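S.K.: Here it is, the structure, as structure tokens.
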Amino acid sequence: MPENEKLPRGGKAMALLVTLSSFAVLLAAFVQVGAGSYEMTWRQAWHALTGAEVWGQPELLLRLLLGENVARNLGFGDPDAIATTTLIVWTVRLPRVLVGIMVGINLAFSGSIFQAITRNEMASPYLLGVSSGAGLTIMLVLVLFPALGAHLPLIAMAGGMGAFLLVYAIAWNHGTSPVRLVLAGVIIGAIAGSIQTGLFFFARDLTVVQNALAWTTGSLTGVGWEQVRMIAPWTLVCVILGFSGTRYLDILLLGDPTAKSLGMPVERTRFLLAAAAILSAASAVSVAGLIGFVGLIVPHIVRSLVGSPHRRLLAGCLFAGPALLTCADATSRLALSPVQIPVGIVTGVLGGGFFLYLMRRKQEFGRL
Amino acid sequence: MSQESATFTISGLAGNDLTVRYRQKQTPVIAGQTVAIPEGKITVFIGPNGSGKSTLLKTLAWQLRPEMGTVILDGRNIAEFSPKELACRLGILFQENSAPNDLTVEELAYHGRYPHRRLFESLTPEDSEAVERALQLSGSDRLRHHLISQLSSGQKQLAWIAMLLSQSPKYLFLDEPTTFLDMAHQFEIMDLVRRLNRELGNTVLLSVHDLNLAARYADHIIALRDGRVVAEGSSEEVLTVEILREVFQVETRIVRDLAGDSFYCVPLGKTCEQVSVKGCR
């Protein structure tokens, strides 16, 4: 290696990543807002999005953002009649884009953190039981306890977190290790996955099955401002937690003994970081179901561009996560119109293709 | 040899009555051993594989918790130090290390500042100074922008020592730092160790397999076998035919070089039931 060779650390690559990702998000957002089964011209869509009808009425804007109940409590009067295009853009299409952005951030962050704490590039947000726990509780509710359907998002979140704690408990033996955690995740995944599949046989009709499939493959169909409100605070919390944990994530990558010798309480740090990542993943699951591969490939792509130090990695994920998710969602909603397929199917196909590419290109991968 | 009773030492490092077991009910790896590490000196642990030298080293660095016994660091029970406080005083280089593929030497050195930084504190000029000094001292200055994954084993070792030195520790623990290196790099590491000791006054503890490196660089040698300290003292006192036979079960001849200021252990062969200088038949 030449003596003065400087590697492209961050800088340029990061600028490129941020620019391209932002462009992709904006493009996807614009397509999502303008296109769909309700026909409107691009001009109409743009007008509905930026026009005075919403922006000129702060009460209406707040009513959308905060929800009917809050608006009523604030003493807002009934809104004037709104044009159908505006209504569709603002209550159906725009929130879907926003939810997509936040789900993308959460999954990418969660994936980055799990890849660091398990020191494995193939780790995904669902590795430590979130998918198993959430998936199982979703099926239980849909098939056996349909009365609880209204609380499904919260129940899914709780299921995911419960499974994570169970995984941790199984892995614990005078402390944990990356390998034990992954194994425990596989154990819980195998058991919960089987039961979950078994529950399909008890489904009463096709709607239940389709609904269950949408949840377990991940879909943004039908999300609105309620889901925006549900995921926004968690996203904020997770972003803050993620960025305050970057130094710890970097040091965990040096291995447990070294991290410990540097004075880091390894077990406590790992658990707290894992808990933050689980919160992140579970909040994404609660609004969008189990969207696969995003949390796996986004950190991969970002790392190959800006390197593994987590400040840069997470900053990159903040842009690349939403880019992948919004583009995939636009595809899933519009490609086979009028049929909307779950976005998780698109990300799965993309993810498989990406790994094929990785496998062909890289000599060695997996270990971090 | 006069050694103060470890408990009353104001500064320095000592282990009292240490017993270490990896699993319950197994034979202890270290069995009730008491050692005092001379301050400001290079102490070398020697012993065959499985003699417990790494274990003792890691226990004295408080990376392993003894089942019984205490370690006294600078007049305090080492258990009373917070992990970060401890990491500011002692740094340890493990036998095997791994870093992400795309980490540079400089970035690794900055990780050594971890124990000096608070939760949300950003890097201070003091941190940068310490890292610069560490890179210079360890001789990894010119490698700073290189990826650790692309360095040779010797250069890697220097990079990790740079991280250690960034901690600005008073005590340096090196677990077999020369094992995987060629001769030139072994000398490079050991010369560095000596320089750190002589110029900065660091107390250094290390384990090696090569007795001649021990003979050449050690101020104090501790010889272990089966978890017990068999002998300790200066290299002349410890590296004798009798002690080496007891510790390694190997026959040796001790040879002085012509200048007379150093000596070498020439291994002759494995010790048999009936001792024969020609080795086993």
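Chains as they are written, first to last, in my numbering: chain A, 1 to 368; chain B, 1001 to 1281.
No residue lacks a Cβ here, since even glycine has one placed at the ideal position from N, Cα and C.
On a predicted model such as this, the values are computed, not experimentally measured, just so you know.
Compute the distance between the beta-carbons of residue 1090 of chain B and residue 1171 of chain B, then report whether it is under 8 Å.
M.R.: Position 90 of the second sequence, counting from 1, holds the residue named residue 1090 of chain B. Position 171 of the second sequence, counting from 1, holds the residue named residue 1171 of chain B. Yes, the Cβ-Cβ distance between residue 1090 of chain B and residue 1171 of chain B is below 8 Å.
S.K.: Return the CA-CA distance between residue 18 of chain A and residue 306 of chain A, expressed in angstroms with no decimal places.
M.R.: Taking the first sequence and counting its residues from 1, the one referred to as residue 18 of chain A is at position 18. Taking the first sequence and counting its residues from 1, the one referred to as residue 306 of chain A is at position 306. When rounded, the distance between both Cα atoms is 11 Å.
S.K.: Helix, strand or coil for residue 1265 of chain B? Go by DSSP, reduced to three states.
M.R.: The residue labelled residue 1265 of chain B in the question sits at position 265 within the second sequence. Three-state result, residue 1265 of chain B: strand.
S.K.: State the Cα-Cα distance for the pair residue 295 of chain A and residue 344 of chain A, rounded to the nearest angstrom.
M.R.: By one-based count along the first sequence, residue 295 of chain A stands at place 295. By one-based count along the first sequence, residue 344 of chain A stands at place 344. Computed Cα separation, rounded: 12 Å.
S.K.: Where residue 152 of chain A and residue 141 of chain A are concerned, what is the direct C-alpha to C-alpha distance, given to the nearest angstrom?
M.R.: Sequence index remark: in the first sequence, residue 152 of chain A carries index 152 (1-based). Sequence index remark: in the first sequence, residue 141 of chain A carries index 141 (1-based). Straight-line Cα distance between these residues: approximately 7 Å.
S.K.: Sort A:282, A:34, A:220, A:139 by Cα distance to residue 198 of chain A and report the nearest one.
M.R.: Position 198 of the first sequence, counting from 1, holds the residue named residue 198 of chain A. It is A:139.
S.K.: With three or more beta-carbon pairs closer than 8 Å as the criterion, would you say the segment 1175 to 1182 of chain B touches the segment 259 to 276 of chain A?
M.R.: Because the criterion of three Cβ pairs below 8 Å is not met, the segment 1175 to 1182 of chain B and the segment 259 to 276 of chain A do not touch.
S.K.: Using only the alpha-carbon positions, how far apart do residue 1235 of chain B and residue 1241 of chain B sit?
M.R.: As a first step, residue 1235 of chain B is located in the second sequence; it is residue number 235 there, counting from the start. As a first step, residue 1241 of chain B is located in the second sequence; it is residue number 241 there, counting from the start. Looking at the two C-alpha atoms, the distance is approximately 12 Å.
S.K.: From residue 1230 of chain B to residue 1247 of chain B, what does the alpha carbon distance come to, in whole angstroms?
M.R.: The residue you call residue 1230 of chain B lines up with position 230 of the second sequence. The residue you call residue 1247 of chain B lines up with position 247 of the second sequence. Whole-angstrom Cα-Cα distance: 7 Å.
S.K.: What residue range does the alpha helix (DSSP H) around residue 73 of chain A cover?
M.R.: Stepping through the first sequence from its first residue, residue 73 of chain A is reached at position 73. First-last of the alpha helix (DSSP H) with residue 73 of chain A: 68 to 73.
S.K.: Flag residue 352 of chain A as yes if its beta-carbon sits less than 8 Å from any beta-carbon of chain B, otherwise no.
M.R.: By 1-based counting over the first sequence, the position of residue 352 of chain A is 352. Chain B contact via Cβ: absent.
S.K.: In angstroms, rounded to a whole number, what distance separates the CA positions of residue 1155 of chain B and residue 200 of chain A?
M.R.: Along the second sequence, read from residue 1 onward, the residue named residue 1155 of chain B stands at position 155. Along the first sequence, read from residue 1 onward, the residue named residue 200 of chain A stands at position 200. Cα to Cα, the separation comes out at about 58 Å.
S.K.: Look at residue 113 of chain A and residue 236 of chain A and say whether their C-beta atoms are less than 8 Å apart.
M.R.: Taking the first residue of the first sequence as 1, we reach residue 113 of chain A at position 113. Taking the first residue of the first sequence as 1, we reach residue 236 of chain A at position 236. No, Cβ-Cβ distance for residue 113 of chain A and residue 236 of chain A is not below 8 Å.
S.K.: Measuring alpha carbon to alpha carbon, tell me which of A:317, A:160, A:224, A:183 ends up nearest residue 87 of chain A.
M.R.: Taking the first residue of the first sequence as 1, we reach residue 87 of chain A at position 87. The residue with the shortest Cα to Cα distance from residue 87 of chain A is A:224.
S.K.: Going along chain B, which residues have a C-beta under 9 Å from residue 244 of chain A?
M.R.: Taking the first residue of the first sequence as 1, we reach residue 244 of chain A at position 244. By Cβ distance, chain B contributes 1119, 1120.
S.K.: Could you tell me whether the Cβ of residue 1063 of chain B comes closer than 8 Å to any Cβ of chain A?
M.R.: Numbered from its first residue, the second sequence carries residue 1063 of chain B at position 63. Cβ-Cβ to chain A under 8 Å: yes for residue 1063 of chain B.
S.K.: Please list the partners that residue 1102 of chain B has in chain A, where partner means a Cβ-to-Cβ separation under 7 Å.
M.R.: The residue given as residue 1102 of chain B occupies position 102 in the second sequence. The contacting residues are 307, 308.
S.K.: Threshold first: 4 residues or longer. Then list the alpha helix (DSSP H) segments lying entirely within the segment 1121 to 1186 of chain B, N to C.
M.R.: Whole alpha helix (DSSP H) segments, 4+ residues: 1125 to 1138, 1153 to 1166.
S.K.: Could you give the residue range of the beta strand (DSSP E) that holds residue 1206 of chain B?
M.R.: Taking the first residue of the second sequence as 1, we reach residue 1206 of chain B at position 206. Its beta strand (DSSP E) spans residues 1203 to 1207.
S.K.: In angstroms, rounded to a whole number, what distance separates the CA positions of residue 1020 of chain B and residue 1050 of chain B?
M.R.: Numbered from 1 along the second sequence, position 20 holds the residue referred to as residue 1020 of chain B. Numbered from 1 along the second sequence, position 50 holds the residue referred to as residue 1050 of chain B. Going from the Cα of residue 1020 of chain B to the Cα of residue 1050 of chain B covers about 13 Å.
S.K.: Would you mind working out which of B:1087, B:1093, B:1136, B:1132 sits nearest residue 1117 of chain B, comparing C-alpha positions?
M.R.: Sequence index remark: in the second sequence, residue 1117 of chain B carries index 117 (1-based). It is B:1087 whose Cα lies nearest to the Cα of residue 1117 of chain B.
S.K.: Helix, strand or coil for residue 1101 of chain B per DSSP?
M.R.: Translated into the one-based positions of the second sequence, residue 1101 of chain B becomes position 101. Looking at residue 1101 of chain B - three-state DSSP - the assignment turns out to be coil, as it is neither helix nor strand.
S.K.: With 8 Å set as the bound, which would you pick, yes or no: does the beta-carbon of residue 1159 of chain B sit closer than that to a beta-carbon of chain A?
M.R.: Indexing the second sequence from 1 puts residue 1159 of chain B at position 159. Chain A contact via Cβ: absent.
S.K.: Using 8 Å as the threshold, is the C-beta distance between residue 1029 of chain B and residue 1206 of chain B below it?
M.R.: Sequence index remark: in the second sequence, residue 1029 of chain B carries index 29 (1-based). Sequence index remark: in the second sequence, residue 1206 of chain B carries index 206 (1-based). No.
S.K.: So, is the C-beta of residue 1022 of chain B closer than 8 Å to a C-beta in chain A?
M.R.: Here residue 1022 of chain B refers to the residue found at position 22 of the second sequence. No - not a single Cβ of chain A is within 8 Å of the one on residue 1022 of chain B.
S.K.: Residue 32 of chain A and residue 96 of chain A - do their beta-carbons sit closer together than 8 Å?
M.R.: Counting from one through the first sequence, the residue named residue 96 of chain A turns up at place 96. Counting from one through the first sequence, the residue named residue 32 of chain A turns up at place 32. Closer than 8 Å, so yes.
S.K.: In chain order, what residues of the segment 257 to 273 of chain A put their CB closer than 9 Å to some CB of chain B?
M.R.: If the cut-off is 9 Å between Cβ atoms, the segment 257 to 273 of chain A has 257, 258, 259, 260, 261, 262, 263, 264, 265 near chain B.
S.K.: Indicate whether residue 276 of chain A and residue 317 of chain A have their beta-carbon atoms separated by less than 8 Å.
M.R.: By 1-based counting over the first sequence, the position of residue 276 of chain A is 276. By 1-based counting over the first sequence, the position of residue 317 of chain A is 317. Cβ atoms of residue 276 of chain A and residue 317 of chain A: not closer than 8 Å.
S.K.: Using a Cβ cut-off of 8 Å (strictly closer), state whether residue 1107 of chain B contacts chain A.
M.R.: Taking the second sequence and counting its residues from 1, one reaches residue 1107 of chain B at position 107. Residue 1107 of chain B counts as touching chain A.
S.K.: Closest Cβ-Cβ distance between residue 87 of chain A and chain C: below 8 Å?
M.R.: The displayed structure is made up of protein chains A and B, and chain C is not among them.
S.K.: Rounded to whole angstroms, how far is the Cβ of residue 131 of chain A from the Cβ of residue 290 of chain A, which I believe are closer than 8 Å?
M.R.: As a working mapping, residue 131 of chain A is identified with position 131 in the first sequence. As a working mapping, residue 290 of chain A is identified with position 290 in the first sequence. Rounded, the Cβ-Cβ distance is 5 Å, consistent with contact.
S.K.: Please confirm whether residue 1092 of chain B and residue 1061 of chain B have their CB atoms less than 8 Å apart.
M.R.: Here the question's residue 1092 of chain B lines up with position 92 in the second sequence. Here the question's residue 1061 of chain B lines up with position 61 in the second sequence. Contact flag set, yes.
S.K.: Are there three or more Cβ pairs, one per stretch, closer than 8 Å when the segment 248 to 259 of chain A is compared with the segment 205 to 217 of chain A?
M.R.: With a cut-off of 8 Å, the segment 205 to 217 of chain A and the segment 248 to 259 of chain A do not count as touching, because too few Cβ pairs lie within range.
S.K.: To the nearest angstrom, how far is it from the Cα of residue 100 of chain A to the Cα of residue 326 of chain A?
M.R.: As a first step, residue 100 of chain A must be located in the first sequence, where it is residue number 100. As a first step, residue 326 of chain A must be located in the first sequence, where it is residue number 326. Cα to Cα, residue 100 of chain A sits roughly 5 Å from residue 326 of chain A.
S.K.: According to DSSP, residue 1033 of chain B sits in a beta bridge with which residue or residues?
M.R.: What you label residue 1033 of chain B is simply residue 33 of the second sequence in a count that begins at 1. Its beta-bridge partners are B:1018.
S.K.: Can you grab the Cα-Cα spacing for the pair residue 3 of chain A / residue 311 of chain A, in whole Å?
M.R.: Numbered from 1 along the first sequence, position 3 holds the residue referred to as residue 3 of chain A. Numbered from 1 along the first sequence, position 311 holds the residue referred to as residue 311 of chain A. Because the pLDDT at residue 3 of chain A is just 36, under 50, the model does not fix this residue reliably, and the value given afterwards should be weighed accordingly. Cα-Cα distance, rounded: 27 Å.
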